[in-house]
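This report refers to the structure that appears directly beneath it.
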Amino acid sequence: MTGEFISQRALALAPSATLAMSAKAKKLRAEGKDVISLSVGEPDFPTPPHICEAAKRAIDAGRHGYTAVGGMPELREAVAGTLSRKIGFPYRASQAVVSPGGKYSIYLALLALVNPGDEVLIPAPYWVSYPEMVRLAGGTPVFVESREEDRFAVSAGAIDRAVTPATKLLILNSPSNPSGQVVPPAGIEEIGRLLERRGLWCLSDEIYDCLIFGGAVHKSIASVSEYCRDHTVAVNGCSKAYAMTGWRVGWIGAVPRLAAVIENIQSQTCANLSFPAQAAALAALTGPQDCVAEMAAVFDRRRQLIHRLLNAVPGFSMAMPSGAFYALPNISGLFGRTLGGKRINTPLEFCEAALEKALVAAVPGEAFGAPGHIRISYAASEEVIEEGCRRLAEFAAGGR
Ligand code: GLU
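Numbers 664 to 1063, taken from our numbering, label the letters of the sequence shown in order.
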C-alpha cells in the first residue's frame, strides 16, 4: 500500500497543547535553560506519605496481578461512598468504575454515549482535550460561549440556544480548567432543569471540586434531580485533590447500565488500573483528609498572589479565580506590539515569544477556545510564581 497510511482519525487529532507546552519547557530545562513553567496543571506537592506507604505495602505483599476491570471491590465501595457523599444520592459500588486517569474516564464515557453525528455541547473556554475526544468518539463538538464579564460561568440560556435535535450531551467542568471559575449552585440548578427539559445527558468533570476558594460553592449537577442523577456521568479522581497526577487514578459514577458499559469498553482496551495505584487511591479516599485542605489552603494563597501580580503585568487583566489552580488573563491589550523583537498578534505568538525570550512557559488560549487569553497554572511555589510574573512583566513592558 502506498500513500498515507495513518488513519484519518489520527491525522485529524491535534496534540494536547498543555502537555506539548510542558514538554517544551522540560526540554529547554534539560538543555540547561532556567525555564519557569507555569504551563501544565499538576500540583507541585509530593503525594502524602500515608498514600505512598499503602502503595509500597501492596507491592511488598505481592499484589502484582490483574484486579477486576473497574477496580478492586474495596476501592469501588470507597469511590461509591465518596460519590454518595458529594452528590447526595446513594451510589452503589457497581456504579463506580475506576480507570487509569480521569482523562481516560472521560474518553470511556464519551465512547459509551456518543454515536456518530451526535452533537456534544462544550462551554468555552474548555479544557483542550474535550473536543478532540468527542471527535475520536465520532461526535461533533459544538461550542457554547460564556462571557468574560460573567467570569466565564456558562449560562443555561446560552446552552439552550445551542441545542439542536442532534444534541446528545453537555460537558460541564466546574471548577473550570482553564478559567478557574466556578458555576454557582443556582446556575447549576438552572442547567440541570434545562437538561431535563431538553432530554440531554451530562458529562460532569468535577476533578477540581476540592479546590474552591473565597466562599465559592461547588454543586454537582448530578445532585439537582433524579433526572440529573440518572443522566450524568460524574468524573473525578485523585490527581488534583491528593497531588497524585502520575498515579493515574480516575473514576466515573453513573447509572448501573452505563457504568457496566464503560467497564466493558475498559475491559477491551486496557483492563485495570495497576494494583499499587488502586491501593494508594483507597488510602487517599479512606485515610485522613487534612492533606486535601492543607494543599487547598496553599493554592488559595497562591491564587491571591497571582491575581495581584498578573494584573500588574502591562497589558494583562483578569478576574479573581474561584477554583482549580489556573489563571486566564486577557492579554489582548498587548496585540499589535513588538515584544522581544517579535510582533505579537495572538496568544500563541505571545507564548512562543515569552518562552523564548523570558523563559516562561504558559499555554496559549487558542487551545482552550479562549482567544485573547493565556492560561497560567499557579500550581507552583510562591517563589516560582513571583519570578515567573516578574519576567512576564519585564517582557510585556518590552524590556526582555
Ligand atoms: N489537566 C492538566 C492540564 O490541563 C494536565 C495536563 C493534561 O492532561 O491536559 O494542564
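Glycine residues also receive a C-beta, built at the ideal position from the N, C-alpha and C atoms.
Spatially closest choice to residue i from the options, by CA coordinates
i       : options                          : result
Arg1038 : Lys831, Arg1053, Ile969          : Ile969
His727  : Ser937, Ile851, Tyr989           : Ser937
Val918  : Asn935, Arg911, Cys891           : Cys891
Gly780  : Thr827, Ala947, Phe1013          : Thr827
Arg1067 : Thr681, Ala960, Gly1032, Ala1059 : The shown model of the chain, from 664 to 1063, leaves out residue 1067, and the question about it has no answer.
Val762  : Ala1030, His1036, Arg971, Glu926 : A small correction: the amino acid at residue 762 is Ser; Val does not occupy that position in the sequence shown. Cα-wise, what sits closest to Ser762 is Glu926.
Ser883  : Leu866, Phe876, Gly877           : Leu866
Asn836  : Ala947, Thr895, Thr830           : Thr895
Ser1044 : Gln941, Glu694, Phe708, Ala1030  : Phe708
Arg964  : Leu874, Ala942, Arg911, Asp953   : Leu874
Glu957  : Phe876, Ser842, Leu738, Val846   : Phe876
Pro678  : Gly996, Ala743, Ser792           : Ser792
Asp893  : Gly751, Glu795, Gly913           : Gly751
Ala1033 : Ala1042, Phe1013, Tyr789, Gln941 : Tyr789
Pro977  : Phe998, Ala947, Arg692, Asp953   : Phe998
Pro1010 : His1036, Gly996, Thr1001         : His1036
Gly1003 : Ala1017, Ile822, Arg1053         : Ala1017
Arg1054 : Ala825, Ala1030, Leu799, Glu1019 : Glu1019
Val845  : Ala990, Glu1050, Cys954          : Ala990
Ile822  : Arg798, Trp864, Leu799, Glu812   : Trp864
Ala800  : Gly820, Arg814, Leu832           : Leu832
Arg966  : Lys719, Met983, Ala975           : Met983
Ser995  : Glu1029, Lys749, Leu1022         : Glu1029
Sequence-distant residues of the same chain with beta carbon closer than 8 Å to residue i, five excluded per side
i       : result
Ser888  : Gly855, Arg856, Glu859
Leu674  : Glu667
Ile928  : Leu771, Leu774, Ala775
Ala923  : Ser757
Ala829  : Gly780, Asp781, Glu782, Thr803
Cys1014 : Met684, Ala1024, Ala1025, Val1026, Pro1027, Ile1037
Residues near residue i by beta carbon distance below 6 Å, same chain, minus five either side
i      : result
Pro992 : Leu973, Phe979, Met981
Tyr871 : Pro838, Lys903, Gly986, Ala987
Pro786 : Val807, Ser809, Val817
Thr614 : This structure does not reach residue 614, given that the chain is present from 664 up to 1063, and the question cannot be answered.
Val880 : Pro848
Ile851 : Lys882, Ile884
Gln931 : none
Gly765 : Ile870, Val898, Gly900, Gly913
Sequence-distant residues of the same chain with beta carbon closer than 7 Å to residue i, five excluded per side
i      : result
Leu746 : Tyr754, Ala759, Ala897, Gly916
Ser702 : Thr681, Met684, Ser685, Ala688, Ala1024, Ala1025, Val1026, Ser1040
Glu869 : Ser883, Ala897, Val898, Asn899
Thr730 : Asn935, Phe938, Gln941
Ala721 : Phe938, Pro939, Ala942
Glu628 : Summary: the structure shown does not reach residue 628, with the chain confined to residues 664 through 1063, and so no result is reported for it.
Ser700 : Ser685, Ala688, Ala1024
Ala959 : Cys873, Leu874
Classification of residue i by the beta-carbon crowding that lies within 10 angstroms, buried from 16 upward
i       : result
Pro736  : exposed
Asp723  : exposed
Pro706  : buried
Ile669  : exposed
Pro711  : buried
Gln778  : Sequence check: residue 778 is Asn here, not Gln. Answer is exposed; the Cβ neighbour count stays below 16.
Asn1008 : exposed
His713  : exposed
Ala906  : buried
Gly862  : exposed
Gln952  : exposed
Gln671  : exposed
Lys696  : exposed
Ala946  : buried
Gly820  : exposed
Ala944  : buried
Bridge partners - residue i, DSSP secondary structure assignment
i       : result
Val1026 : Arg1038
Gly900  : Gly913
Leu682  : Its beta-bridge partners do not exist; DSSP assigns none.
Leu1009 : Residue identity differs from the one stated: residue 1009 is Thr in this sequence, not Leu. According to DSSP, which records beta bridges pairwise, Thr1009 is partnered with nothing at all.
Thr710  : In DSSP, Thr710 forms no bridge with anything.
Cys865  : Leu833, Thr895
Ile699  : Val1023
Ile875  : Gly986
Test: residue i CB closer than 8 Å to a CB of chain B
i      : result
Tyr770 : Judged by its chain identifiers, the structure shown contains no chain B, having just a single protein chain.
Beta strand (DSSP E) runs wholly inside the segment 810-846, at least 3 long, in chain order: Fully enclosed beta strand (DSSP E) runs of 3 or longer: 830-836.
My parser needs the alpha helix (DSSP H) runs of 4 or more residues fully inside the segment 909-990; what are they? 919-932, 938-949, 953-974
Fully enclosed by the segment 746-804, which alpha helix (DSSP H) runs are 4 residues long or longer? 765-776, 792-799
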